[in-house]
Amino acid sequence: MSILYPLMALGALAVGVPIWLHLRRRDESNLVEFSTLRFLDDQPIAKARPMWPQNWPLLLLRMLALLLLVAAFAWPYVEDKNTVIVDESRVYILDNTLSHQVDDSFRTARDAIATELAANDQRTQIAVIELATTAKTLVRFGDDPVVAADTVGQLAPSAERGNFLDAFRSATEMLGTSLGTERHIILLSDSQANQWAMRENAPPFLQPNIEVSLPTSRGTTPANLSLSDPMARRTEREGRPGLEAAVTLTRQVEFPQSAKSQPTPQKISVVFLDRGREVFRKDITLEPKANTSIASGTVVAEWEANADQWVLGEVIVETDGDALAGDDRNALAGDDRVVFSLPPQRAGRVELITESLFLRRALAPQVMKSRWEVQNSDSSVLVDRQGEAPPDVLCVDGQALMSAKVRDAVRDDLSRGGGVMLMVDQATPLITGFLRELGIEMPPDQPTSISPATFRYVFAEHPVFAPFQFAEMGNLEEIEFNSYRRLKVREASPLAFSASGDPLLFESMLGPGRMLVFAFAFERQDTNWPIHPTFIPFLDKCLEYLRGQSTSVAGYEPGESVAWELPPGTIAEQITVSRLDPTTGKTDSSETDSVRIPVVNLTANFLASAQPGHYGIQYSEGDRIDAILDVNPSPLESDLRYDFAPTAVASWTQPDDRRSLDSESATDAIQLAESEALRQPYGWYLILAAIAAFVTESVYGIVASRRTNP
Numbered sequence: 015m016s017i018l019y020p021l022m023a024l025g026a027l028a029v030g031v032p033i034w035l036h037l038r039r040r041d042e043s044n045l046v047e048f049s050t051l052r053f054l055d056d057q058p059i060a061k062a063r064p065m066w067p068q069n070w071p072l073l074l075l076r077m078l079a080l081l082l083l084v085a086a087f088a089w090p091y092v093e094d095k096n097t098v099i100v101d102e103s104r105v106y107i108l109d110n111t112l113s114h115q116v117d118d119s120f121r122t123a124r125d126a127i128a129t130e131l132a133a134n135d136q137r138t139q140i141a142v143i144e145l146a147t148t149a150k151t152l153v154r155f156g157d158d159p160v161v162a163a164d165t166v167g168q169l170a171p172s173a174e175r176g177n178f179l180d181a182f183r184s185a186t187e188m189l190g191t192s193l194g195t196e197r198h199i200i201l202l203s204d205s206q207a208n209q210w211a212m213r214e215n216a217p218p219f220l221q222p223n224i225e226v227s228l229p230t231s232r233g234t235t236p237a238n239l240s241l242s243d244p245m246a247r248r249t250e251r252e253g254r255p256g257l258e259a260a261v262t263l264t265r266q267v268e269f270p271q272s273a274k275s276q277p278t279p280q281k282i283s284v285v286f287l288d289r290g291r292e293v294f295r296k297d298i299t300l301e302p303k304a305n306t307s308i309a310s311g312t313v314v315a316e317w318e319a320n321a322d323q324w325v326l327g328e329v330i331v332e333t334d335g336d337a338l339a340g341d342d343r344n345a346l347a348g349d350d351r352v353v354f355s356l357p358p359q360r361a362g363r364v365e366l367i368t369e370s371l372f373l374r375r376a377l378a379p380q381v382m383k384s385r386w387e388v389q390n391s392d393s394s395v396l397v398d399r400q401g402e403a404p405p406d407v408l409c410v411d412g413q414a415l416m417s418a419k420v421r422d423a424v425r426d427d428l429s430r431g432g433g434v435m436l437m438v439d440q441a442t443p444l445i446t447g448f449l450r451e452l453g454i455e456m457p458p459d460q461p462t463s464i465s466p467a468t469f470r471y472v473f474a475e476h477p478v479f480a481p482f483q484f485a486e487m488g489n490l491e492e493i494e495f496n497s498y499r500r501l502k503v504r505e506a507s508p509l510a511f512s513a514s515g516d517p518l519l520f521e522s523m524l525g526p527g528r529m530l531v532f533a534f535a536f537e538r539q540d541t542n543w544p545i546h547p548t549f550i551p552f553l554d555k556c557l558e559y560l561r562g563q564s565t566s567v568a569g570y571e572p573g574e575s576v577a578w579e580l581p582p583g584t585i586a587e588q589i590t591v592s593r594l595d596p597t598t599g600k601t602d603s604s605e606t607d608s609v610r611i612p613v614v615n616l617t618a619n620f621l622a623s624a625q626p627g628h629y630g631i632q633y634s635e636g637d638r639i640d641a642i643l644d645v646n647p648s649p650l651e652s653d654l655r656y657d658f659a660p661t662a663v664a665s666w667t668q669p670d671d672r673r674s675l676d677s678e679s680a681t682d683a684i685q686l687a688e689s690e691a692l693r694q695p696y697g698w699y700l701i702l703a704a705i706a707a708f709v710t711e712s713v714y715g716i717v718a719s720r721r722t723n724p
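So the number in our numbering is just where the residue sits in the sequence shown, counting from 1, plus 14.
Here is the structure:
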């Protein structure tokens with residue numbers, strides 16, 4: 015038997031307090047004696063203190079209660095063969111990213127951890143952190159070994175991508191509250207070089223007394239073939255609908271080359287599938303390479319596609335005999351497949367109320383073909399909003415707002431979730447008043463002319479500008495503005511600014527609908543945009559965005575955070591995301607990977623699945639697919655170059671101050687003894703016994719007092 019806090023034993027001196035109280039009877043103070051009453055006191059106070067206790071049971075109870083309380087605060091504990099002393103606290107970081115699946119390395123590491131957890135004794139604490147898109151704690155210190163081993167053993171390999179920094183931070187925090195005298199972080203990973211490069215210059219956080227074990231060298235950089243960046247668009251050839259798709263093929267050769275490598279050309283095939291059916295095949299011959307260069311190229315395919323149904327595309331790499339010989343073997347199979355999709359093609363309906371000849375010609379049937387059905391209206395006769403085919407988008411000039419019918423149409427379209435494209439071309443009191451109702455302020459002192467200006471800033475990630483980040487779609491820097499209106503829009507987001515800093519384009523959300531407000535008209539006196547090559551593609555993107563139809567997104571990676579925006583006017587409290595079978599085009603909502611996500615302000619936030627593929631999104635019950643989410647692996651996971659001596663760990667480690675380290679180690683040792691001793695319940699037993707003694711003493715004192723003074 016030992017005690018944790020020996021100094022607390024000095025509190026036993028307090029046992030003299032009851033003895034002192036029993037031996038001392040203090041005379042009453044402030045006593046005024048009267049001559050007529052002084053002899054009536056039937057119990058005069060003794061002038062001399064008694065030298066012997068008068069109530070032994072009460073004295074002993076008080077002494078016992080104090081001794082028990084002091085013993086409890088000293089906290090006794092027993093050191094025997096059953097006392098567990100933790101020698102080591104160990105945290106495994108299990109890399110569950112796509113690149114770690116080379117040579118089945120992930121399964122090997124996972125099974126090794128599960129076996130060690132099942133056979134672990136209590137002298138070693140083991141925790142496990144899964145490194146994926148985020149660092150997830152699978153096993154904590156103190157978890158049941160059998161349950162922990164089962165949890166790790168059932169972990170499925172994922173195609174996600176993460177960084178080492180988050181995992182090492184989580185491991186350091188866990189070791190900060192561990193019991194082991196030795197602390198150890200063990201990284202089970204392929205040690206991919208580009209993973210170490212992510213946030214390697216973070217401030218130091220690793221304690222110098224934590225030992226870090228890194229993977230050992232593989233000896234070679236494996237060869238690999240991978241697919242990435244799928245793109246697709248609908249086409250029309252000779253009046254027949256078709257589809258054009260492209261994918262990037264990347265090749266990495268092995269280095270140093272093995273002795274068995276054969277410098278002979280290798281043949282592979284890039285196969286395009288639509289709904290599980292092969293539609294195009296491209297045979298490629300890979301010439302031998304003798305260095306570590308990574309080469310990539312684009313493979314393009316075309317085929318006929320039904321415009322009335324979803325395109326569920328898939329591209330795979332096929333090798334001769336499922337394996338390449340020599341230095342061109344395909345080390346990673348998880349990046350040999352990518353998916354893409356396109357929604358059914360339905361012509362959108364546009365009601366055009368404008369005097370702009372450029373807009374009318376840009377939306378002519380021979381230009382937009384089957385993409386848009388345009389109804390040219392005037393201010394007196396408009397499309398019936400209550401009919402079977404109301405317009406998806408209302409495209410209107412500011413001068414048309416002089417008509418009450420046009421103003422009502424704008425209100426109706428925005429309230430029912432439609433889109434409005436408004437070009438402010440003039441300022442009149444009536445137009446200014448209606449714009450103010452829409453949250454648009456137009457100061458009366460508008461300049462009559464403005465020197466030619468260009469775009470200074472555009473919101474490049476917005477859907478209407480995103481396609482123009484690449485030169486193939488045209489250069490927006492060539493657009494000039496000779497005149498525009500200076501507008502101030504409340505509760506709206508500016509999307510483009512002129513060189514002088516004036517907003518040129520706003521997006522305003524009024525009710526369920528969307529509205530794009532242009533501070534200029536598409537006329538030659540305002541801008542040269544109508545004669546620029548980007549005009550028709552930009553107009554098409556604007557109408558498509560305002561229409562808000564179902565779309566597919568191929569840019570998400572496994573495990574990535576998704577903020578899915580529902581189309582304007584959609585009424586849904588939740589959406590269902592389920593894996594989609596590309597051969598049937600249907601989902602199975604009963605599958606384990608099917609999830610329901612609540613919708614807040616037409617946005618559903620969730621994490622993409624850890625496995626690549628098509629995922630159907632449904633806004634309501636039934637079999638209808640409202641949208642498709644395409645999940646593809648990160649191309650960075652296909653770069654199988656490694657760094658087995660990273661500088662990141664050294665930069666993350668705090669300076670080794672021996673003086674502070676020794677002091678910290680001593681503190682850790684004290685904390686270790688405390689934590690081990692505090693696990694034993696003897697101190698709590700003594701506290702309960704002390705409370706019981708105090709209660710008994712109080713009851714006994716009350717009873718004895720009543721007997722003495724009935």
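Even glycine gets a Cβ: it sits at the ideal position worked out from N, Cα and C.
- Remark: C-beta atoms of I454 and F469 do not approach each other more closely than 7 Å.
- Around the beta carbon of I585, fewer than 16 other beta carbons lie within 10 angstroms, which makes this residue exposed.
- C409 and N646 have their alpha carbons spaced roughly 37 Å apart.
- By the criterion of a C-beta distance shorter than 6 Å, W543 is surrounded in its chain by I493, F549, once the five residues flanking it on both sides are discounted.
- The beta-carbon separation of M188 and A141, rounded to 5 Å, stays under the 8 Å limit for a contact.
- Taking every protein chain shown into account, the CB of F354 has 16 or more other CB atoms within 10 angstroms, so this residue is buried.
- About 21 Å separates the beta carbon of L530 from that of M416, a gap too long to meet the 8 Å contact definition.
- Assignment of beta-bridge partners to P517 by DSSP yields F511.
- Within the segment 317 to 374, complete alpha helix (DSSP H) segments of at least 4 residues are not found at all.
- With a cutoff of 7 Å on beta-carbon distance, F155 and S192 are scored as near each other.
- In this chain, the beta strand (DSSP E) harbouring A260 covers 254 to 266.
- In the three-state reduction of the DSSP assignment, H114 falls in the helix class.
- For L530, no alpha helix (DSSP H) encloses it; the enclosing beta strand (DSSP E) starts and ends at 527 to 532.
- Under the three-state reduction of DSSP output, W543 falls in the helix class.
- Excluding five sequence positions before and after V609, the CB atoms of its chain that fall closer than 7 Å to its own CB belong to V591, F620, given in chain order.
- When C-beta atoms of the segment 173 to 183 are compared with those of the segment 121 to 136, fewer than three pairs fall below 8 Å, so the two segments do not count as touching.
- In this structure the segment 385 to 403 does not lie against the segment 439 to 451, because fewer than three pairs of beta carbons, one per stretch, are closer than 8 Å.
- Below 8 Å, enough C-beta pairs join the segment 238 to 245 and the segment 262 to 269 to call them touching: three or more.
- Annotation for A146: N110, S172, E174, G176, G573 place their beta carbon closer than 6 Å to its own, counting only its chain and skipping 5 residues before and after.
- Linking G431 to R561 through their CA atoms gives a straight-line distance of about 9 Å.
- In the three-state reduction of the DSSP assignment, D411 falls in the strand class, which pools E and B.
- Taking the Cβ atoms as the reference, L346 lies roughly 6 Å from S652, within the contact range of under 8 Å.
- Separation of M212 and F178 (C-alpha to C-alpha, rounded to the nearest whole angstrom) is 8 Å.
- With fewer than 16 other Cβ atoms from the protein chains shown falling within 10 Å of its own Cβ, G233 counts as exposed.
- Residue state for A474 is assigned as coil, using DSSP reduced to three classes.
- When DSSP reads this structure, A246 sits in a beta bridge with A259.
- For D554, the enclosing alpha helix (DSSP H) has its first and last residue at 549 to 561.
- In this structure, the straight-line span from the alpha carbon of Q380 to that of G253 is close to 12 Å.
- Take the alpha-carbon of V420 and the one of N320: they are about 37 Å apart.
- The three-state reading of DSSP puts D109 in strand, counting E and B together.
- Excluding sequence positions up to five before and after L553, its CB lies within less than 8 Å of the CB of L373, A376, L377, all in the same chain and listed in chain order.
- P551 sits away from L326, with the two beta carbons spaced by 7 Å or more.
- For F155, the secondary structure class from DSSP, reduced to helix, strand or coil, is coil.
- When the five nearest sequence neighbours on each side are left out, the beta carbons in the same chain lying within less than 7 Å of the beta carbon of I17 are those of A23, A88, W89, P90, in order along the chain.
- Residues Q266 of the same chain have their beta carbon placed closer than 6 Å to that of I308, with the five preceding and five following residues left out of the count.
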